[in-house]
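Here the structure comes first, spelled out in structure tokens, and everything after it is commentary.
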Amino acid sequence: MTEIPPLNGNYAPQACTACRKRKGRCDKALPCCNFCKTRSQLCYYPDKIVQTTLRQTACFPPAFFLDHGLPSASSFSIPPPDLEIPPYVSAEVGNLLQRNLIASRFFATIHLWMPIVSKRRWFNTLLSPLSLDRADVALLCIAMKLMLWLPTANSSDPHTTTYVAARQFLYSWEISRALTLPTLQAAVLITLYEIGHAIYPAAYLSIGVCVQYAAALGLDWRTTYWKEGDRDWVESEERRRVWWAIVILERYISLGYPQRRVITKGPSRDEKLPIDDIAWDNEIMMPSYPMTVSSPSNINMGRFARLSQATYLLDRVLQQLQDDAVFSESLVEEDIQLDKALHALLAFTESESNRREIRICSQAALCQRFIFYTTLRLYEANFGVFLQCACSPSHSMVILKV
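For the record, in the sequence shown the residue sitting at position 57 is 57 according to full-length UniProt numbering, with numbers rising by one throughout.
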């Protein structure tokens, strides 16, 4: 594995907010002083953030939200963000060579199971000397670096300086009124990091930020759809994958407490799945008969498409768990169908994983957890119905499974 060259630290011109409040000494290290780092808390240097963002807050036109049809009905356009990259972020992502090393490791690992960033667009457009000063690209790069962190025996706390820097920079973007896809992609990766390392309640709050930011960008099932012949289909597919990732993470994070309502609308039976991951990476447009979430699993589906298909089943499981209606035999029958569909998808996934020697198979882990919930939680919720139907042969088999 290629090592990322170490970077020299930077120092803020004055003490952070926490040290000012306690009236204690601050080493002014960026992105996090020693006092805040030892207490695993966010370290804010408000004056630096305010100076960076206040110069830019007035550039985003309020008319975009007051009348969303105005940009398309006139020559009015949204100006590109022109935020500066703070020193503590530059210290994390480094120069063009160091960013290339971060991206190469990211696309060789994380991208395999969460492909939401266009590989060619990143290396050909975003990772170029002309984009080196783009703050949203730096934010996405630091989010990529964050996802590469692994705990060790000497360093197991996920509240690393990279995490603090990424969170702080993302916050500065939120108050700067900048709306870009790389910013949303960075927010999704930061949320994924928090979920993976059990940083709560930050993870739950972060997914809400992703949902609202996606809504501000206009992302949903309808606006991310593309058809054969579209010139900008690669970008549309990228936006669709980001939207799928948000829907997936919001439902996954709800598994610990299924009664908690999700914000995003779940996919319908006819919702189009992401195209094959390798084809998208190479910008090869697939045939005009895309597969939907209700399509039978086959070898033409990419990993992310299967994960999305598993999430469609998860959405139905959560709807069942949140159903306040009186339990009946029809509800039990639907539970049985969900259980069969999950087992079928799991069996196909395991078969394909062995045949294609796939090392990373996130949908298999997802299906296993769904099956646990459909058997345990639905059994507890429908206990009375199961007892009434115990004489039925078809239902007795389900009871034996539990």
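Virtual Cβ for every residue (Gly too), placed ideally from N, Cα, C.
From a predicted model like this one, the values you see are computed outputs, not experimental measurements.
Beta-carbon proximity of residue i to residue j, cut-off 8 Å
i, j, result
"Leu140", "Gln212", "no"
"Val242", "Leu181", "yes"
"Leu273", "Gln309", "yes"
"Arg199", "Ala165", "For clarity, residue 199 is Ile in the given sequence; the question names Arg instead. No, they are not a contact pair."
"Ala135", "Ile85", "yes"
"Ile246", "Thr223", "no"
"Glu237", "Arg120", "no"
"Ile195", "Ala187", "no"
"Ile102", "Lys145", "yes"
"Trp233", "Trp226", "yes"
"Thr292", "Arg316", "no"
"Thr160", "Trp149", "yes"
"Tyr45", "Cys19", "no"
"Thr183", "Glu92", "no"
"Leu321", "Ile248", "no"
With 16 other Cβ atoms within 10 Å as the buried cut-off, status of residue i
i, result
"Arg118", "At residue 118 the sequence reads Ser, which differs from the Arg that was named. Flag for Ser118 reads buried."
"Ser206", "buried"
"Ala153", "exposed"
"Pro267", "buried"
"Gly94", "buried"
"Ala302", "Per the sequence presented here, residue 302 reads as Gly, with Ala not at that position. By the neighbour-count rule (16 or more Cβ atoms within 10 Å), Gly302 is buried."
"Ile278", "exposed"
"Pro115", "buried"
"Leu314", "buried"
"Leu126", "buried"
"Leu96", "exposed"
"Tyr257", "exposed"
"Arg22", "exposed"
"Ala58", "Note that Ala58 has pLDDT 42, beneath the 50 cutoff, so the model's placement of it is unreliable and no number is given."
"Asp276", "buried"
"Ala138", "buried"
"Arg39", "exposed"
"Ala216", "exposed"
"Arg55", "Confidence at Arg55 is low in this model, with a pLDDT of 48, below 50, so the placement of that residue is unreliable and no value is reported for it."
"Arg105", "buried"
"Arg239", "buried"
"residue 405", "There is simply no residue 405 to check, as the chain begins at 1 and stops at 402 in what is shown."
"Arg25", "exposed"
"Gln14", "exposed"
Min CB distance residue i to chain C below 8 Å
i, result
"Lys21", "Although the question refers to chain C, the structure presented lacks it and comprises just one protein chain."
According to DSSP, residues forming a beta bridge with residue i
i, result
"Lys29", "Strictly speaking, residue 29 in this sequence is Ala, with Lys absent from that position. Beta-bridge pairing links Ala29 to Tyr11."
"Lys23", "Answer is none; Lys23 lacks a bridge partner."
"Thr292", "Lys272"
Any non-hydrogen atom of the ligand MN closer than 7 Å to residue i Cβ
i, result
"His159", "Ligands are entirely absent from the displayed structure, and the ligand MN is therefore not among its contents."
contact_flag[the region 157-171, the region 27-34] where n(CB pairs < 8 Å) is 3 or more: yes
Inter-stretch contact (C-beta, 8 Å, three-pair minimum) for the region 241-259 and the region 188-196: yes
Contiguous alpha helix (DSSP H) assignments of at least 4 residues, all confined to the region 103-182: 135-147 and 161-174
In chain order, each alpha helix (DSSP H) run of at least 4 residues that lies wholly inside the region 195-263: 202-217 and 233-253
At least three beta-carbon pairs within less than 8 Å, the region 129-136 to the region 109-117: no
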